[in-house]
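Enquirer: In our numbering, the protein residues as written are 11 to 259.
Idealized CB from N, CA, C, for every residue including glycine.
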Amino acid sequence: MKIKIFMLLVLLLPAIVFSQPGSLNLGILIDTPAAKLPDRGEIQSGLSMYSNGGLLGSILIGLSPRFALGVSYGGENIIGTGDINLNPQPSVEVRYLLFEEKFLFPAIQIGFNSQGYGAYNKDLKRYSVKSMGLYAVASKNTSFLGGLGIHGGINISLENSDGDKDPNIFFGCHKQINSELVIIAEYNTAINDNSDNAIGSGKGYLNCGIRWIFAKQVFVEFDMKNLFENGQNVAGSSREVKLYYTTHF
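(1) Would you kindly work out how many angstroms separate the C-alpha atoms of TYR254 and ASN202, rounded to a whole number?
(2) Just how far apart, CA to CA, sit VAL104 and GLY56?
(3) Distance, Cα to Cα, ASN97 vs PHE154?
(4) Can you grab the Cα-Cα spacing for the pair GLU209 / SER138, in whole Å?
(5) Give a yes or no on whether the C-beta atoms belonging to LYS46 and ALA117 are separated by under 8 Å.
(6) Do GLU86 and ALA44 come within 8 Å of each other at the CB atom, strictly closer than that value?
(7) Who are SER82's beta bridge partners in DSSP?
(8) According to the neighbour-count rule (16 or more other Cβ atoms, all chains shown, within 10 Å of its Cβ), is ASP206 buried or exposed?
(9) Please classify PHE180: does DSSP put it in a helix, a strand, or coil?
(10) Taking 7 Å as the cut-off, is the CB of ASN188 close to at least one heavy atom of the ligand PLP?
(11) Going by the beta-carbon positions, is the gap between ALA200 and ASN217 smaller than 8 Å?
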């Protein structure tokens, strides 16, 4: 009897580990992408509140089951006193889902995103955290342990006026706590930000957060970013709050 139970568990384990339920509700971890698109006709609106009175608004529209298009814009000192320091131009995001997730294989998505994070440096023509630029990302989800996802990808940022044109690697995971709460973590290696003119200091960016599905279409997120305190003269990690709203047309 014990042998039969053991064999049954062996047969069921792959179905548990490689099953697809447990996917992330939005196609983004914190700053890095996941291989997930909005549904066709779905509109995802976002608002991020970050350091130095910064606000960043974004919108992403699912135009087909495999294609999505978005735009974002913001700046620093929008909240608070002093002159508002807007980003030089709106940023564009394009996503295309190459392969859907299967039993044994991850979803694979390619895309482009010109939106970086933090302050914009006019001399180096880049954000403190470089934009993804061109990227490819793979995501594998499972219902194991109540909903778990692993994500990883490679990107080439077009913000290379600092002389560092290296490809970059990023990865992360999410864990569903219950039907409302999701824990998120990501690591951007930032190996494209370690030249002589680098803003980073070679540690990479470790971010973590918790996302609350406040209502069916409303998401509230609290993030702790740059836990390794990567960068020159960085005072410490930062805290951010994000709001997301989804609807359909």
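Expert: Well, looking at it:
(1) So the two alpha carbons sit approximately 29 Å from each other.
(2) If you take the alpha carbons of VAL104 and GLY56, they lie about 16 Å apart.
(3) Their Cα atoms are separated by approximately 42 Å.
(4) A small fix is needed here, since residue 209 is Ile in this sequence, not Glu. The C-alpha of SER138 is placed about 6 Å away from the C-alpha of ILE209.
(5) Result yes, Cβ atoms of LYS46 and ALA117 sit closer than 8 Å.
(6) Contact check for ALA44 against GLU86 fails: the beta carbons are separated by 8 Å or more.
(7) Note: SER82 sits in a beta bridge opposite SER68, SER101.
(8) Residue burial annotation: ASP206 is exposed, with fewer than 16 other C-beta atoms found within 10 angstroms of its C-beta.
(9) In the three-state reduction of the DSSP assignment, PHE180 falls in the strand class, which pools E and B.
(10) This structure simply doesn't include the ligand PLP, nor any ligand for that matter.
(11) Not a contact, by the Cβ cut-off of 8 Å.
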